[in-house]
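Taking it in order: structure first as structure tokens, then the write-up.
There are 2 protein chains.
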Amino acid sequence: MTIPANAAEALSQLLGPRFSQSQADRDLHGQSETFHTAPPPDAVVWPLTTAEVSQVMAICQQHLIPVIGWGTGTSLEGHALAIHGGIVIDLMKMDRVLDIRSEDLQVSVQPGVTREALNTELRATGLFFPVDPGANASLGGMAATRASGTTAVRYGTMRDNVLALEVVLADGRIIRTGTRAAKSSAGYDLTGLFVGSEGTLGIITELTLRLHGQPEEVASAVCAFPNLEAAVECVTATIQSGIPMARIEFVDADAARAFNQASGSQMREQPHLMVEFNGSPVSVREDAEKFGELATDFGGQGFDWATTPEERAALWRMRHGAYRACLALRPGATAVVTDVCVPMSHLAAQVAAAAADIRAEGLVGPMVGHVGDGNFHSQLLVMPGDADELAAAKRVAGRMAERALSVGGTITGEHGVGIGKRPLMRAQHGDAVDVMAAIKAALDPQGIMNPGKVIPD
Amino acid sequence: MTIPANAAEALSQLLGPRFSQSQADRDLHGQSETFHTAPPPDAVVWPLTTAEVSQVMAICQQHLIPVIGWGTGTSLEGHALAIHGGIVIDLMKMDRVLDIRSEDLQVSVQPGVTREALNTELRATGLFFPVDPGANASLGGMAATRASGTTAVRYGTMRDNVLALEVVLADGRIIRTGTRAAKSSAGYDLTGLFVGSEGTLGIITELTLRLHGQPEEVASAVCAFPNLEAAVECVTATIQSGIPMARIEFVDADAARAFNQASGSQMREQPHLMVEFNGSPVSVREDAEKFGELATDFGGQGFDWATTPEERAALWRMRHGAYRACLALRPGATAVVTDVCVPMSHLAAQVAAAAADIRAEGLVGPMVGHVGDGNFHSQLLVMPGDADELAAAKRVAGRMAERALSVGGTITGEHGVGIGKRPLMRAQHGDAVDVMAAIKAALDPQGIMNPGKVIPD
Numbered sequence: 001m002t003i004p005a006n007a008a009e010a011l012s013q014l015l016g017p018r019f020s021q022s023q024a025d026r027d028l029h030g031q032s033e034t035f036h037t038a039p040p041p042d043a044v045v046w047p048l049t050t051a052e053v054s055q056v057m058a059i060c061q062q063h064l065i066p067v068i069g070w071g072t073g074t075s076l077e078g079h080a081l082a083i084h085g086g087i088v089i090d091l092m093k094m095d096r097v098l099d100i101r102s103e104d105l106q107v108s109v110q111p112g113v114t115r116e117a118l119n120t121e122l123r124a125t126g127l128f129f130p131v132d133p134g135a136n137a138s139l140g141g142m143a144a145t146r147a148s149g150t151t152a153v154r155y156g157t158m159r160d161n162v163l164a165l166e167v168v169l170a171d172g173r174i175i176r177t178g179t180r181a182a183k184s185s186a187g188y189d190l191t192g193l194f195v196g197s198e199g200t201l202g203i204i205t206e207l208t209l210r211l212h213g214q215p216e217e218v219a220s221a222v223c224a225f226p227n228l229e230a231a232v233e234c235v236t237a238t239i240q241s242g243i244p245m246a247r248i249e250f251v252d253a254d255a256a257r258a259f260n261q262a263s264g265s266q267m268r269e270q271p272h273l274m275v276e277f278n279g280s281p282v283s284v285r286e287d288a289e290k291f292g293e294l295a296t297d298f299g300g301q302g303f304d305w306a307t308t309p310e311e312r313a314a315l316w317r318m319r320h321g322a323y324r325a326c327l328a329l330r331p332g333a334t335a336v337v338t339d340v341c342v343p344m345s346h347l348a349a350q351v352a353a354a355a356a357d358i359r360a361e362g363l364v365g366p367m368v369g370h371v372g373d374g375n376f377h378s379q380l381l382v383m384p385g386d387a388d389e390l391a392a393a394k395r396v397a398g399r400m401a402e403r404a405l406s407v408g409g410t411i412t413g414e415h416g417v418g419i420g421k422r423p424l425m426r427a428q429h430g431d432a433v434d435v436m437a438a439i440k441a442a443l444d445p446q447g448i449m450n451p452g453k454v455i456p457d
Numbered sequence: 001m002t003i004p005a006n007a008a009e010a011l012s013q014l015l016g017p018r019f020s021q022s023q024a025d026r027d028l029h030g031q032s033e034t035f036h037t038a039p040p041p042d043a044v045v046w047p048l049t050t051a052e053v054s055q056v057m058a059i060c061q062q063h064l065i066p067v068i069g070w071g072t073g074t075s076l077e078g079h080a081l082a083i084h085g086g087i088v089i090d091l092m093k094m095d096r097v098l099d100i101r102s103e104d105l106q107v108s109v110q111p112g113v114t115r116e117a118l119n120t121e122l123r124a125t126g127l128f129f130p131v132d133p134g135a136n137a138s139l140g141g142m143a144a145t146r147a148s149g150t151t152a153v154r155y156g157t158m159r160d161n162v163l164a165l166e167v168v169l170a171d172g173r174i175i176r177t178g179t180r181a182a183k184s185s186a187g188y189d190l191t192g193l194f195v196g197s198e199g200t201l202g203i204i205t206e207l208t209l210r211l212h213g214q215p216e217e218v219a220s221a222v223c224a225f226p227n228l229e230a231a232v233e234c235v236t237a238t239i240q241s242g243i244p245m246a247r248i249e250f251v252d253a254d255a256a257r258a259f260n261q262a263s264g265s266q267m268r269e270q271p272h273l274m275v276e277f278n279g280s281p282v283s284v285r286e287d288a289e290k291f292g293e294l295a296t297d298f299g300g301q302g303f304d305w306a307t308t309p310e311e312r313a314a315l316w317r318m319r320h321g322a323y324r325a326c327l328a329l330r331p332g333a334t335a336v337v338t339d340v341c342v343p344m345s346h347l348a349a350q351v352a353a354a355a356a357d358i359r360a361e362g363l364v365g366p367m368v369g370h371v372g373d374g375n376f377h378s379q380l381l382v383m384p385g386d387a388d389e390l391a392a393a394k395r396v397a398g399r400m401a402e403r404a405l406s407v408g409g410t411i412t413g414e415h416g417v418g419i420g421k422r423p424l425m426r427a428q429h430g431d432a433v434d435v436m437a438a439i440k441a442a443l444d445p446q447g448i449m450n451p452g453k454v455i456p457d
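Chains A and B, in that order, give the protein sequences.
According to UniProt numbering, the first sequence is numbered sequentially starting from 1.
According to UniProt numbering, the second sequence is numbered sequentially starting from 1.
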């Protein structure tokens, strides 16, 4: 579609140069980090206030223009691609930390604040925001996709750490969900409904987040395992034993090779676990000892402790750089990224089956995972334009999803549905998809909020 | 209303004697634990299977008969009262623990399993289900009201501990929400939507719950404080310090007196905190010492440790019996129970203001609270038929709610809305109430699911 002239006029009057139909701006907001592609949106707006978002929505509703929210553009499932055209609302100019309430362990932020910016701002308070998807994503985007990452095993996902939202609905109405209380039983959990709704029900314009005390003591380590099964079984045993891991990440031999190549690390080209312990000096020592015993039982060796803050930062920077490091294993490649999450008792078998399938299809597909949650990723490297390779990668991804569903798992643990996982939604949810569609129709009767995402046809 | 003859015929054919219109059965399902009253329902059914619930719903939908779910009948807000007549679905015959998956720290249960029955069943596994609202409520009812209780400060509420549901919708369709994975980003959080929906969107017929390892070491204690402010400020300091309390409960002087009278305990008639620590022997000792120092700073004295499992059980039995113990302070009385929850930094002032208000109105209103969450209750004792006293109690409750809302808190931390809190919903949620109503209309277009609850007119 193209933007009707009177809509463009209204947006231009409202936003001045913060409404753009230039090719450059549109192209910048038509990118994706993965193999998903789509034509760029028809226009981009950069609101500064909730009132502006509301007015943009009212104009778009009037002209039935699709609206797509945009944060840092780091989605892996094509969430922010304008597949039906329309206007991208880039929220990155709404980037203020509004109110740090240290005594209540809470902060209110605008959606364009990134997680790193927030934690920089919080440094002096002794508090931090734990959810950590790797990318330095915007908090609005993280809420919209129900992101999690390396620390979810201890601190939960965005579902657990968003207390309240301000949301602009499809018709421009502004609502507030949730409260500043730690819990509430006052009616439907709208906060939980908007978290993970991927911009299909409304645009998040403010978030109230739970904060956590910076742990007194932190210890991180890397440990090699003789094979993939041993590493993953060690994770299952660790979680079942109740050791309160702050992080427990799986890295396969290919990913270790990618890390070495990208970061100059000297990991053995073997499966590894990267772990972190948080707490008091006494509890961290106790937890680390217990984990060490379990790791030894599973053949873990060569514990490499990151003792200084700098070493720890380097360790997790390396882990956070996994996506780009793995892409570099095959220069020029793009990726099909899988994201299944399964019950712990099935994790080792599922990871092993995925590895075997990747090998059988002759693909390069390093694997990493937030395995303390049962969540693991393979990054299937394909050359753009190689249809056979893309088809093989999609077959592997499809079988991983099928296997996950066969044991009661999910097709996506943290990346969200976007366009990539949409065809699998009915396989996972059955008729519950119709309930999702009914909610979508109730809140967005014209279907202008990020159309073509989440809900299958 | 009365049940149309052909509907009664269909229900009778389906359920035989498990469909009843007898006055005795109706009266049993028209009770409330508090001052809320309503005429009994027109009929009661006791389904044994999800399929039966589905068929009951289909019949009720066809004849536009209101349907109200029923568990143990321990709601404090009149949730299960048939205020528009109709049929109560008593789910207590669906009481099987279906599948304990110890390795995944999960269990699947039918909705009529009570929390105590579940924990009895789990005893041999080393696992337990932590959510503990005091009453031995059904797990279906606890999910429907988003219950929490004494352990939420450590283990979260039903929102955090329900992983998946089976739900029968208004038209009889059966859906499954959620998965067996620890987390999921696959579309709208329907599990979270049905948890806390109080039977207004569907009937929960199966729950998958998170389990937790029984802690290696448990220590409980009671400690007296010179006044209410000191006790509550000690709680705020404790939470802010990050000590991972398993329980931290406030009891005022009146409630202590009620405990002494009901349980033969010998508490001083002063405000108290009742606390519990869970963990390894080392961490419990460390946590208890840190808390002891804080308590001493706030004038806490007379630490009374419950060291044996029997003593601990007696301590928490006493706490769980608070509602009846407090009622017994005034024989013949019924109660208006308040349930506000506020941000920690406002807790002491809000508790003190409530106490002053109760005194000023000349009411007896012992206070207890899950203060680690910022949640506290006053139990305003009123004599049935004394309209002035009831009006005074409602004034006090109304002002507590207003004060909670003025600091961003909630009108109900854990009891739910029912009919009691319904008039306050718009004050708390503003236009977000219309979004709740739109969802309700989308999922229950005929309005037969527990009508007159949660959503205000």
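We put the beta carbon where it would ideally sit given N, CA and C, even for glycine.
Which residues in chain A sit within 8 Å of residue i, going by Cβ to Cβ distance?
i                     : result
residue 101 (chain B) : 343, 345
residue 373 (chain B) : 181, 182, 183
How would you list, in chain order, the residues of chain B whose beta-carbon sits under 7 Å from the beta-carbon of residue i?
i                     : result
residue 188 (chain A) : 193, 196, 197, 436, 439
residue 3 (chain A)   : Within chain B, no residue comes near residue 3 (chain A); the closest Cβ sits about 28 Å away, beyond 7 Å.
If residue i sits next to residue j, beta carbons under 8 Å apart, how far is it from one beta carbon to the other, in whole angstroms?
i                     : j                     : result
residue 428 (chain B) : residue 405 (chain B) : 6 Å
residue 471 (chain B) : residue 221 (chain A) : Since the first and last residues shown for chain B are 1 and 457, residue 471 (chain B) lies out of range.
residue 150 (chain A) : residue 249 (chain A) : 6 Å
residue 162 (chain A) : residue 109 (chain A) : Not a contact, Cβ separation roughly 11 Å.
What residues of chain A sit near residue i, judged by a beta carbon separation below 7 Å?
i                     : result
residue 452 (chain B) : Those within 7 Å of residue 452 (chain B) in chain A number zero; the least Cβ separation is about 14 Å.
residue 59 (chain B)  : Within 7 Å Cβ-Cβ: nothing; residue 59 (chain B) doesn't reach chain A, min ~20 Å.
residue 428 (chain B) : 186
residue 385 (chain B) : Chain A residues near residue 385 (chain B): none, gap ~30 Å exceeds 7 Å.
Report the residue from the options whose alpha carbon sits nearest the alpha carbon of residue i.
i                     : options                    : result
residue 28 (chain B)  : B:169, B:89, B:191         : B:89
residue 227 (chain B) : B:238, B:346, B:273        : B:273
residue 44 (chain B)  : B:400, B:256, B:65         : B:65
residue 261 (chain B) : B:192, B:323, B:104        : B:323
residue 212 (chain A) : A:344, A:444, A:107        : A:107
residue 247 (chain B) : B:341, B:371, B:345, B:224 : B:371
residue 38 (chain B)  : B:204, B:418, B:159, B:234 : B:418
Pull up the distance between the alpha-carbon of residue i and that of residue j, whole angstroms please.
i                     : j                     : result
residue 355 (chain B) : residue 397 (chain B) : 11 Å
residue 403 (chain A) : residue 367 (chain A) : 16 Å
residue 92 (chain A)  : residue 116 (chain A) : 14 Å
residue 122 (chain A) : residue 114 (chain A) : 12 Å
residue 253 (chain B) : residue 268 (chain B) : 8 Å
residue 218 (chain A) : residue 279 (chain A) : 7 Å
residue 175 (chain A) : residue 49 (chain A)  : 14 Å
residue 214 (chain A) : residue 119 (chain A) : 11 Å
residue 353 (chain B) : residue 4 (chain A)   : 57 Å
residue 81 (chain A)  : residue 167 (chain B) : 34 Å
residue 347 (chain A) : residue 181 (chain A) : 36 Å
residue 435 (chain A) : residue 203 (chain B) : 14 Å
residue 410 (chain B) : residue 73 (chain A)  : 35 Å
Name the chain A residues that come within less than 9 Å of residue i, Cβ to Cβ?
i                     : result
residue 148 (chain B) : 183, 185
Can you list the residues of chain B that residue i reaches, using a CB-CB cut of under 8 Å?
i                     : result
residue 21 (chain A)  : Residues of chain B passing the Cβ test: none, with the nearest at roughly 32 Å.
residue 425 (chain A) : 186, 187
Practice task
Could you name the residues of the segment 275-296 of chain B whose beta carbon sits closer than 7 Å to any beta carbon of chain A, in the order they occur along the chain?
Solution key: 280, 282, 283, 286
Problem - Selection of the segment 120-146 of chain A by Cβ proximity to chain B, strictly under 7 Å - result: 145, 146
Practice task
With 8 Å as the C-beta to C-beta threshold (strictly closer), list the residues of the segment 389-420 of chain A near chain B in chain order.
Solution key: 404, 407, 408, 409, 410, 411, 412, 413, 414, 415, 416, 417
Practice task
Could you run through the segment 159-176 of chain A and flag, in chain order, every residue whose CB is less than 9 Å away from some CB of chain B?
Solution key: 159, 160, 164, 167, 169, 173, 174, 175, 176
Handout entry: Under 7 Å (Cβ pairs) to chain B, residues found in the segment 228-245 of chain A
Key = 240, 242
Handout entry: Proximal residues, the segment 40-74 of chain B versus chain A, C-beta separation under 9 Å
Key = none
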